[in-house]
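**Student:** Handing you this structure, nothing more for now.
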Amino acid sequence: MHNIRKAIIPAAGLGTRMLPLTKVVPKELLPLATKPIIQHIVEEISEAGFEEVILVTNPNKFPLAKHFSRDIEIERKVLKNSTNSFLKDLGQLSNMKIKISNAIQHKALGLGHAILCSKKFIKNEPFAVVLPDMVIDSNKKNSNLALMKKKFEASGNSSLLLDVAKKSEVSKYGIVKVKKLKDSLNSFYIEGIIEKPKPEDAPSKLFAAGRYIFNNEIFKFLLKERPDSQGEIQLTGAISNYVKENPLMGFSLNGKIHDCGNKENYLLANLEFSRKDKNLNKILKKYFR
Ligand code: UTP
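Residues are numbered in my numbering as their position in the sequence shown, beginning at 1, plus a constant of 274.
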């Protein structure tokens, strides 16, 4: 049994595609229906059975950590008025059992570098990486992350969650080369990965969909990774060397993914999440009528 307890949320990026929205407010604090994105993400991790989140932020994104610290004055005031509809969401937040640790990435030197900034919290353990701008709408109790965790605990193999990109969008993501597993429609062996390929160079249309589980070996490859032309240490580079020596599985995503890192998709995701909320749906229906 390979026990996995910790998950990293890299949230130290600058969110430049969403400016000016994200000049002061971290994109992870923008709302999806009644809760900020980061709360949906931490709930997903907590419900999958992890014990600790390592939240990687930069010094300007301190409100992100603050969202998870208790505010007794607010709680007291809101609890007095028990008809308040946001009481449930706030209660969920206050009662969250998961431990939240904060790591700082002082300069946005890439996703791979953000993961390296969490190393002192991970120590020698395996861990998950959950990208907060990739929000997945799926069965809460049996999420993709929960399934990946179970598979890791049984096999000890690292894995990525995969989804199918439109041909025109492959150049936005890490695209994988895969071999299908016998007798399985949803599981693959990953043979390689390329960051943001041109459509004609893409080995498939399957992209890494923001959920990863790694054994500790990945750090060896991250530490060897050199900065790219933008000065960033990329996770994709480390993964493509990792697969040369280690098995890496890919699992098909169940549900729908929303890439909330750009304004257009974020707007649609907010609408879809709001339609799933009984009260907000009533208001939206009335408005659009
Ligand atoms: P993105 O490139 O999608 O996010 O990184 P970004 O850098 O915030 O956004 P743009 O491109 O400027 O609009 C994917 C994830 O990796 C994190 C981001 O916060 C995001 O969750 N990241 C990226 C870091 O934590 N540190 C980095 O240096 C880069």
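The beta-carbon is built from N, C-alpha and C at its ideal position, and this holds for glycine as well.
Pair every Cβ in the stretch 290 to 305 with every Cβ in the stretch 328 to 342, then say whether three or more of these pairs are closer than 8 Å.
**Tutor:** Touching, yes.
**Student:** For Asn539, I'd like the list of residues in its chain whose CB is within less than 7 Å of its CB, leaving aside the five on either flank, ordered along the chain.
**Tutor:** On the sequence shown, residue 539 is found 265 positions in, with the first residue counted as 1. Answer for Asn539: His532 and Asp533, listed in chain order.
**Student:** First and last residue of the alpha helix (DSSP H) that includes Tyr463?
**Tutor:** In the sequence shown, residue 463 corresponds to position 189, counting from 1. Counting along the chain, Tyr463 falls outside any alpha helix (DSSP H), though it belongs to the beta strand (DSSP E) covering Ser461 to Glu469.
**Student:** Going by the beta-carbon positions, is the gap between Tyr463 and Met523 smaller than 8 Å?
**Tutor:** Counting from 1 along the sequence shown, the entry for residue 463 is found at position 189. Counting from 1 along the sequence shown, the entry for residue 523 is found at position 249. A contact, by the Cβ cut-off of 8 Å.
**Student:** Between the beta-carbon of Ile278 and the beta-carbon of Glu427, is there less than 8 Å?
**Tutor:** Your numbering for residue 278 matches position 4 in the sequence shown. Your numbering for residue 427 matches position 153 in the sequence shown. Result yes, Cβ atoms of Ile278 and Glu427 sit closer than 8 Å.
**Student:** Measuring straight from C-alpha to C-alpha, what distance separates Thr308 and Met292?
**Tutor:** Locating residue 308 in the sequence shown gives position 34, where the first residue counts as 1. Locating residue 292 in the sequence shown gives position 18, where the first residue counts as 1. One C-alpha to the other measures close to 20 Å.
**Student:** Just to confirm before moving on: does the CB-CB distance between Ile410 and Gly535 stay below 8 Å?
**Tutor:** Residue 410 sits at position 136 when you count from the first residue of the sequence shown. Residue 535 sits at position 261 when you count from the first residue of the sequence shown. Cβ atoms of Ile410 and Gly535: not closer than 8 Å.
**Student:** Check whether the Cβ of Thr290 lies closer than 7 Å to any heavy atom of the ligand UTP, and answer yes or no.
**Tutor:** For the purposes of this step, residue 290 is taken as the residue at position 16 of the sequence shown. Indeed, a heavy atom of the ligand UTP lies less than 7 Å from the Cβ.
**Student:** In whole angstroms, what is the alpha-carbon distance linking Ala512 and Gly466?
**Tutor:** Along the sequence shown, read from residue 1 onward, the residue named residue 512 stands at position 238. Along the sequence shown, read from residue 1 onward, the residue named residue 466 stands at position 192. Answer to the nearest angstrom: the Cα atoms are 11 Å apart.
**Student:** According to DSSP, Pro310 sits in a beta bridge with which residue or residues?
**Tutor:** The residue you call residue 310 lines up with position 36 of the sequence shown. Answer by DSSP bridge pairing, in chain order: Pro305.
**Student:** Assess contact between the stretch 313 to 330 and the stretch 400 to 407, defined as three or more Cβ pairs (one per stretch) separated by less than 8 Å. Is contact present?
**Tutor:** Verdict: yes, contact present.
**Student:** For Ser433, count neighbouring Cβ atoms within 10 angstroms of its own Cβ and tell me buried if that reaches 16, exposed if not.
**Tutor:** Your numbering for residue 433 matches position 159 in the sequence shown. Looking at its Cβ environment, which holds 16 or more other Cβ atoms inside 10 Å, Ser433 is buried.
**Student:** Kindly provide the ranges of any beta strand (DSSP E) runs that are 3 or more residues long and lie completely inside the stretch 398 to 432, ordered along the chain.
**Tutor:** The stretch 398 to 432 contains these whole beta strand (DSSP E) runs: 401 to 404 and 408 to 411.
**Student:** Using only alpha-carbon positions, find the residue among Arg344, Lys470 and Asp551 that is nearest to Phe481.
**Tutor:** Here residue 481 refers to the residue found at position 207 when the sequence shown is read from its first residue. Selected option, being the one with the closest Cα: Lys470.
**Student:** Taking the C-alpha atoms as reference points, what is the distance between Asn460 and Leu385?
**Tutor:** Counting from 1 along the sequence shown, the entry for residue 460 is found at position 186. Counting from 1 along the sequence shown, the entry for residue 385 is found at position 111. Straight-line Cα distance between these residues: approximately 27 Å.
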